[in-house]
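So the sequence shown is numbered by my numbering: it starts at 350 and just counts up by one. Presented below is the structure to which this report refers.
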Amino acid sequence: MEKYRLIYLDILKALNNHKYQPGDLLPSDKRYSMKYQVSRETVRKAMKLLASDGYIQRLQGKGSIVIDRRHFQFPLSQIESYSEIVKGDGLDSKNEVLDICDAIVPEVFSPVNDHVAATKISRKRVINGEPLIIDHDYVLKAKVLSIPREWAELSLFKYLEGIRKFKIDYAVKELTVEKANAFDQEHLEVSKEMSMVVIRSRTHLVDNSIISYTESRHRADRFSSVVFARRHVY
350 MEKYRLIYLD
360 ILKALNNHKY
370 QPGDLLPSDK
380 RYSMKYQVSR
390 ETVRKAMKLL
400 ASDGYIQRLQ
410 GKGSIVIDRR
420 HFQFPLSQIE
430 SYSEIVKGDG
440 LDSKNEVLDI
450 CDAIVPEVFS
460 PVNDHVAATK
470 ISRKRVINGE
480 PLIIDHDYVL
490 KAKVLSIPRE
500 WAELSLFKYL
510 EGIRKFKIDY
520 AVKELTVEKA
530 NAFDQEHLEV
540 SKEMSMVVIR
550 SRTHLVDNSI
560 ISYTESRHRA
570 DRFSSVVFAR
580 RHVY
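Written out as structure tokens, the structure is:
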């Protein structure tokens, strides 16, 4: 492995072990070059990669500052279950089922025929001790008559794919920003002024039919997508 990648991994390990906190300045490139016995250009390549991946910000004349990455990262461009996301990110998470009931798919999901019967599952996601997300899933009764509570608590995707053997193909997602509603305020312990990132999606099977609709409501102050975009890295 190239030296700059070894340096990248070593610094990344220090960041993940919380040796440096958000806002801290990392040691200078010169100090790292002495520590690793490499040229400053090799250190710069490692730092550029850390900056490109969103771990640090390079400040001209000051050095490298650690970026606050405590936001829950939600994969807009992928289909992943909540349990897959938190496992991949190594998060301390609790999934609480708030309600399971018969319902009609809301008109906000479009296109939808009138009075489409579904099982509504409302869940609260508590991440690192903070209640951050409310999910309302509407699983169509035409596909699945009922959802066992234990599977709703564990993973809907695991139940639908692993137990019921449905083949989920793709999802269409729409993102909006809205004010917290009464349900958000009660279960996420936020004020009515809190902005919520709301992701509404419909999940399709391989035959193109819809199996479920989801409204995922995230506290805006703890939300980010998994795509890290940068115009320049200095």
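The beta carbon of each residue, even a glycine, is placed where N, CA and C say it ideally should be.
Limits of the unbroken beta strand (DSSP E) element including residue i
i      : result
Tyr519 : 517 to 528
Gly618 : Because the chain in this structure spans residues 350 to 583, residue 618 falls outside the shown range and cannot be described.
Gly410 : Careful: Gly410 lies outside any beta strand (DSSP E) and carries neither H nor E.
When the options are compared against residue i, the one with the closest alpha-carbon
i      : options                        : result
Asp556 : Lys516, Thr468, Ser382, Gly412 : Lys516
Arg354 : Asp373, Ile470, Val392         : Val392
Ile512 : Leu524, Lys469, Val493         : Val493
Thr563 : Asp570, Arg549, Arg571         : Arg549
Tyr357 : Tyr385, Gly478, Val465         : Tyr385
Glu542 : Ile559, Thr552, Arg568         : Arg568
Arg311 : Ser565, Glu538, Lys443         : Absent from the model: residue 311. The displayed extent of the chain is 350 to 583, so no value can be given.
Lys469 : Gly478, Leu447, Glu527         : Leu447
Arg472 : Asn444, Ala491, Ser495, Pro497 : Asn444
Asn365 : Ser401, Ile405, Met383, Arg380 : Ile405
His591 : Gly478, Leu481, Leu489, Glu479 : This structure does not reach residue 591, given that the chain is present from 350 up to 583, and the question cannot be answered.
Coarse secondary structure for residue i, derived from DSSP in three states
i      : result
His536 : helix
Tyr353 : helix
Asn477 : coil
Val387 : coil
Phe421 : Caution is warranted here: a pLDDT of 47 is assigned to Phe421, below 50, making its placement in the model unreliable, and no coordinate value can be reported.
Asp570 : helix
Val435 : Here Val435 scores only 49 on pLDDT, less than 50, and its place in the model should not be relied on; the value that follows carries that caveat. Here Val435 sits in helix by DSSP.
Ile496 : coil
Glu456 : coil
Val392 : helix
Ile416 : coil
Lys379 : helix
Lys469 : strand
Glu564 : strand
Lys484 : Strictly speaking, residue 484 in this sequence is Asp, with Lys absent from that position. Strand, per DSSP.
Limits of the unbroken alpha helix (DSSP H) element including residue i
i      : result
Ala452 : Counting along the chain, Ala452 falls outside any alpha helix (DSSP H), though it belongs to the beta strand (DSSP E) covering 442 to 453.
Leu554 : It is not in any alpha helix (DSSP H) - Leu554 instead sits in the beta strand (DSSP E) that spans 544 to 554.
is_contact[residue i, chain B] using C-beta, thresh 7 Å
i      : result
Arg474 : Among the chains in the structure shown there is no chain B, since it carries only a single protein chain.
field: Meets three-Cβ-pair contact criterion under 8 Å: the segment 495 to 514 and the segment 525 to 538
entry: No, because fewer than three Cβ pairs between the segment 495 to 514 and the segment 525 to 538 fall closer than 8 Å, the two stretches do not touch.
message: Under 8 Å: do the segment 473 to 489 and the segment 514 to 529 share three or more Cβ pairs, one atom per stretch?
response: No, the segment 473 to 489 is not in contact with the segment 514 to 529.
query: Quick one: any contact between the segment 401 to 416 and the segment 451 to 458, if contact means 3 or more CB pairs under 8 Å?
result: The segment 401 to 416 is not in contact with the segment 451 to 458.
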